[in-house]
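Structure first, commentary second.
In full-length UniProt numbering, the protein residues as written are 1 to 212.
Following this line, the structure appears as structure tokens:
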């Protein structure tokens with residue numbers, strides 16, 4: 001129940017407070033940190049490390065604020081060491097989690113790649129999420145339309161990053177079908193989107209990259 005007497009919506013799961021923004025958000029929208037044995041702030045992207053959790057919104061500006069304003073020692077109520085590259089550590093870790101989960105989805109038959117396969121899956125109504133490389137040809141990408149529904153498009157991984165998940169050199173178009181792994185890919189990719197400095201992953205959007 002909120003102070004105004006309204007029932008809190010907990011449909012998104014447990015909530016925690018961001019130390020940088022003060023927002024109370026679902027854990028899926030936050031990054032958990034713990035203090036390591038040596039007093040260093042450590043990202044706990046899986047949310048399983050022992051110790052008291054410190055939570056920051058999965059947003060680059062919020063993470064940078066937590067570092068620049070030295071908010072971790074205050075939250076930990078103890079002197080701690082905050083790595084200068086902490087935000088980049090989070091981004092790299094989230095990218096790896098997206099790729100690993102996407103690879104599992106591919107092995108489970110919940111993820112496909114290649115323009116024709118993706119188009120067929122979309123036409124049949126099987127695909128629930130469209131994946132497209134941020135550095136793929138804009139002309140080529142507009143030929144495919146994301147399925148209806150929330151969180152149905154992921155477009156902030158590069159062709160190489162998608163390729164690594166699919167066991168190829170590069171991938172421009174991919175799709176996810178219904179399944180538990182798809183939900184996990186979307187959750188991790190959404191967190192990555194908030195932390196990435198640019199949606200194009202550091203590459204020039206619109207670059208004419210050929211799909212495999």
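Just so it is clear, CB atoms sit at the ideal spot from N, CA and C, and this is done for glycine as well.
Cα-Cα separation between residue i and residue j, rounded to whole angstroms
i, j, result
"residue 92", "residue 119", "30 Å"
"residue 168", "residue 135", "16 Å"
"residue 27", "residue 83", "23 Å"
"residue 201", "residue 156", "Per-residue confidence for residue 201 stands at a pLDDT of 38, beneath the threshold of 50, marking its modelled position as unreliable; the derived number appears in the next sentence. Spanning the two alpha carbons is a distance of roughly 6 Å."
"residue 215", "residue 193", "With the chain represented from 1 up to 212, any question about residue 215 goes unanswered, as that position is not in the structure."
"residue 137", "residue 145", "14 Å"
"residue 47", "residue 178", "24 Å"
"residue 102", "residue 125", "20 Å"
"residue 51", "residue 35", "7 Å"
"residue 23", "residue 153", "26 Å"
"residue 164", "residue 111", "13 Å"
"residue 74", "residue 21", "14 Å"
"residue 171", "residue 141", "12 Å"
"residue 17", "residue 184", "22 Å"
"residue 166", "residue 113", "8 Å"
Outcome for residue i when other beta-carbon atoms lying within 10 angstroms are tallied against a minimum of 16
i, result
"residue 158", "buried"
"residue 88", "exposed"
"residue 108", "exposed"
"residue 116", "exposed"
"residue 174", "buried"
"residue 181", "buried"
"residue 210", "Residue placement at residue 210 is flagged as unreliable, the pLDDT there being 40, under the threshold of 50; a coordinate-derived value is accordingly withheld."
"residue 188", "buried"
"residue 78", "exposed"
"residue 176", "buried"
"residue 217", "Absent from the structure is residue 217, since the part of the chain shown begins at 1 and ends at 212."
"residue 69", "exposed"
"residue 14", "exposed"
C-beta atoms of residue i and residue j nearer than 8 Å
i, j, result
"residue 147", "residue 127", "yes"
"residue 45", "residue 106", "no"
"residue 130", "residue 162", "no"
"residue 160", "residue 94", "no"
"residue 49", "residue 42", "yes"
"residue 151", "residue 186", "yes"
"residue 86", "residue 19", "no"
Residue i: CB within 7 Å of a non-hydrogen atom of the ligand ZN
i, result
"residue 112", "In terms of ligand content, the structure shown is empty, and the ligand ZN therefore cannot be addressed."
Practice item. Spell out a yes or no on whether the stretch 22 to 35 and the stretch 62 to 78 are touching, meaning 3 or more CB-CB pairs, one atom from each, closer than 8 Å. Key: The way I'd put it, the stretch 22 to 35 does touch the stretch 62 to 78; three or more beta-carbon pairs between them come closer than 8 Å.
Review point. Going along the chain, which unbroken runs of the beta strand (DSSP E) with 3 or more residues stay wholly within the stretch 12 to 41?
Key: 15 to 17, 24 to 26, 30 to 35
Exercise for review: Please go through the stretch 113 to 152 and give each complete alpha helix (DSSP H) segment of 4 or more residues, from N-terminal end onward.
Suggested key: Fully enclosed alpha helix (DSSP H) runs of 4 or longer: 115 to 123, 138 to 141.
Exercise for review: With a floor of 3 residues, list each beta strand (DSSP E) that falls wholly inside the stretch 46 to 112, ordered by position along the chain.
Suggested key: 54 to 57
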